[in-house]
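J.: Numbering-wise (the working numbering), the sequence shown opens with residue 138 and increments by one. All residues carry an ideal CB built from backbone N, CA and C; glycine is no exception. Below you'll find the structure I mean.
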Amino acid sequence: MSTPPRQKRLTPADIAALKGNRPVVSLTAYTTPMARLLDPHCDFLLVGDSLGMVLYGMDTTVGVTMEMMIAHGQAVMRGVSRACVIIDMPFGSYQESKEQAFRSAARIMKETGCDGVKLEGGAEMAETVAFLVDRGVPVLGHVGLMPQQVNTAGGYRSKGHSDKEAEKIRRDARAIDEAGAFAMVIEGTVEPLAREISAAVSATTIGIGASPACDGQILVSDDMLGLFNDFKPRFVKHYAELAEVISKAAADYAGEVRARTFPGPEHTFQPRPKS
Ligand code: KIV
């Protein structure tokens with residue numbers, strides 16, 4: 138029996154090979170229609186656990202479950218034909234042991250068909266990253282500001298300002314790189330450090346609030362589209378103001394329903410003439 142050809146979507150190896158060639162473009166996606174719209178423009182789509190805050194109104198990502206990640210991962214996979222798809226491992230699904238991490242990653246990959254998983258953590262997760270990579274799971278690391286650690290970090294603030302903090306992030310990035318991550322997100326980290334790490338590691342660095350010095354960039358789609366307006370971090374740029382567009386459309390609809398001008402004759406079924 139011959140092996141069927143692999144789909145033509147970009148792979149984690151392709152993302153790794155882009156380092157030093159051209160910037161990697163990435164956005165988050167959580168649904169099929171959004172994945173369809175973003176797919177032609179992105180090298181990889183991340184089904185981020187930010188969906189807990191963006192879609193479900195949670196205060197942090199800590200409450201996100203495997204079931205949520207798998208359901209949204211399946212939805213995104215139905216919408217892509219080109220981009221690589223990486224799914225976030227939710228808080229509590231990988232930190233306990235490397236075996237737990239493998240079980241969770243294997244479940245995510247089997248049930249969604251995605252190309253790899255992302256996990257947050259530095260030196261303390263290096264053994265887990267190597268364990269996953271050695272067993273066929275491509276891993277996107279995540280260092281610097283780590284949102285799943287919000288409760289021990291005491292909030293969300295940019296990192297790498299003190300020598301001690303910078304040294305920890307440097308060590309974290311090196312450890313994840315040596316463990317075999319194909320790429321790593323660097324979040325909320327001062328530019329000189331992000332630049333130094335990007336030059337030092339062989340993994341492709343993907344910045345979010347970590348300066349243009351990274352090998353690529355990612356944003357939460359709802360942030361860059363102006364859809365999620367609960368707060369706006371300094372590193373977010375709105376490329377559209379969709380919240381305003383939606384509010385105006387809803388107000389126009391409500392006005393027309395109340396005025397009985399919608400539905401109009403063109404939206405209304407009339408009986409067919411009797412023959
Ligand atoms: O959860 C997420 O969307 C992320 C990105 C912001 C990198 O981790």
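(1) So for M205, helix, strand or coil by DSSP?
(2) Work out the CA separation of E381 and V322 for me, nearest whole Å.
(3) Shorter than 7 Å, the distance from the beta carbon of G325 to the closest heavy atom of ligand 1, or not?
(4) Would the C-beta of D186 count as close to ligand 1, meaning under 7 Å from any of its heavy atoms?
(5) Under the criterion of a Cβ to heavy atom distance below 7 Å, does H279 qualify as lining ligand 2?
(6) For K296, name the three-state secondary structure that DSSP assigns.
(7) Taking the alpha-carbon positions, what's the M394 to G200 distance?
(8) How do the stretch 314-329 and the stretch 145-165 stand: do at least 3 beta-carbon pairs fall below 8 Å, yes or no?
(9) Could you name the residues that DSSP lists as bridge partners for M321?
(10) Using CA atoms only, rank isn't needed, just tell me which of K145, K156, V161 and S299 is closest to G353.
(11) For C179, which residues in the same chain have their Cβ closer than 6 Å to its Cβ, ignoring the five residues on either side in sequence?
(12) Which residue marks the beginning of the alpha helix (DSSP H) containing G392, and which one marks its end?
(13) Run the CB neighbour count on Y167, radius 10 Å, all protein chains shown included, and call it buried at 16 or more, exposed below.
(14) Compute the Euclidean distance between the alpha carbons of L362 and I224, then round it to the nearest angstrom.
(15) Among A350, M190 and L277, which residue has its Cα nearest to the Cα of D367?
(16) Would you say the beta carbon of D180 comes nearer than 7 Å to a heavy atom of ligand 1?
(17) Write down the C-beta distance between T169 and R215 rounded to the nearest angstrom, noting that I regard them as a contact closer than 8 Å.
(18) Any idea what DSSP makes of V230, helix, strand or coil?
(19) Shortest alpha-carbon distance to T265 belongs to which of K305, G210, F239 and G194?
(20) Tell me the residue span of the alpha helix (DSSP H) that contains F181.
(21) Any chance the stretch 273-282 sits against the stretch 242-260, with 3 or more Cβ pairs inside 8 Å?
(22) Leaving out five residues before and five after R272 in sequence, what residues of the same chain have Cβ atoms less than 7 Å from its Cβ?
(23) Compare the Cα-Cα distances from M262 to each of S384, M206 and E315 and report the closest residue.
(24) Does the beta-carbon of I245, which I'm using as the reference point, lie nearer than 7 Å to any heavy atom of ligand 1?
(25) Could you tell me if G157 is buried or exposed, where buried requires 16 or more neighbouring beta carbons within 10 angstroms of its beta carbon?
(26) Kindly give me the distance between the Cβ atoms of A350 and E324, rounded to whole angstroms, as I take these residues to be in contact under 8 Å.
T.: Let me spell this out:
(1) On the sequence shown, position 68 is the one that residue 205 refers to. Three-state DSSP puts M205 in a helix.
(2) By 1-based counting over the sequence shown, the position of residue 322 is 185. By 1-based counting over the sequence shown, the position of residue 381 is 244. If you take the alpha carbons of V322 and E381, they lie about 30 Å apart.
(3) Counted from its first residue, the sequence shown places residue 325 at position 188. No, Cβ of G325 sits at least 7 Å from all heavy atoms of ligand 1.
(4) As a first step, residue 186 must be located in the sequence shown, where it is residue number 49. At least one heavy atom of ligand 1 is nearer than 7 Å to the Cβ of D186, so yes.
(5) As presented, the structure is devoid of ligand 2, carrying ligand 1 as its sole ligands.
(6) Locating residue 296 in the sequence shown gives position 159, where the first residue counts as 1. DSSP places K296 in strand when its eight states are reduced to three.
(7) Your numbering for residue 394 matches position 257 in the sequence shown. Your numbering for residue 200 matches position 63 in the sequence shown. According to the sequence displayed, residue 394 carries Val and not Met. Using only the alpha carbons, I get a separation of about 38 Å.
(8) yes
(9) Counting from one through the sequence shown, the residue named residue 321 turns up at place 184. DSSP output for M321 lists G278 and T342 as bridge partner(s).
(10) Locating residue 353 in the sequence shown gives position 216, where the first residue counts as 1. Checked all of K145, K156, V161 and S299; the closest Cα to G353 is V161.
(11) Residue 179 sits at position 42 when you count from the first residue of the sequence shown. Hits under 6 Å: V162, S163, L164 and A220.
(12) Within the sequence shown, residue 392 is the residue found at index 255, counting from 1. First-last of the alpha helix (DSSP H) with G392: L379 to R395.
(13) As a working note, residue 167 is residue 30 in the sequence shown. Buried is the call here.
(14) Here residue 362 refers to the residue found at position 225 when the sequence shown is read from its first residue. Here residue 224 refers to the residue found at position 87 when the sequence shown is read from its first residue. If I take the Cα positions, the gap works out to 21 Å.
(15) Looking up residue 367 in the sequence shown gives position 230. Closest option to D367, Cα to Cα, is M190.
(16) As a first step, residue 180 must be located in the sequence shown, where it is residue number 43. No, the beta carbon of D180 sits no closer than 7 Å to any heavy atom of ligand 1.
(17) Position 32 of the sequence shown, counting from 1, holds the residue named residue 169. Position 78 of the sequence shown, counting from 1, holds the residue named residue 215. Right, their Cβ atoms sit about 5 Å apart.
(18) Within the sequence shown, numbered from 1, the residue matching residue 230 stands at position 93. Here residue 230 turns out to be Ser, not Val, going by the sequence shown. In the structure shown, S230 sits in coil (DSSP, three-state: anything other than H, G, I, E or B).
(19) Along the sequence shown, one-based indexing puts residue 265 at 128. Nearest option by C-alpha distance: F239.
(20) Here residue 181 corresponds to residue number 44 of the sequence shown, with the count starting at 1. First-last for F181: F181 to V184, but that is the beta strand (DSSP E), not the alpha helix (DSSP H).
(21) yes
(22) For the purposes of this step, residue 272 is identified with residue 135 of the sequence shown, where counting begins at 1. Contacts found: F239.
(23) By one-based count along the sequence shown, residue 262 stands at place 125. Minimum Cα distance to M262 is reached at E315.
(24) Position 108 of the sequence shown, counted from the first residue, corresponds to residue 245. No.
(25) Counted from its first residue, the sequence shown places residue 157 at position 20. Under this definition G157 is an exposed residue.
(26) If you number the sequence shown from 1, residue 350 lands on position 213. If you number the sequence shown from 1, residue 324 lands on position 187. That pair is no contact at about 14 Å.
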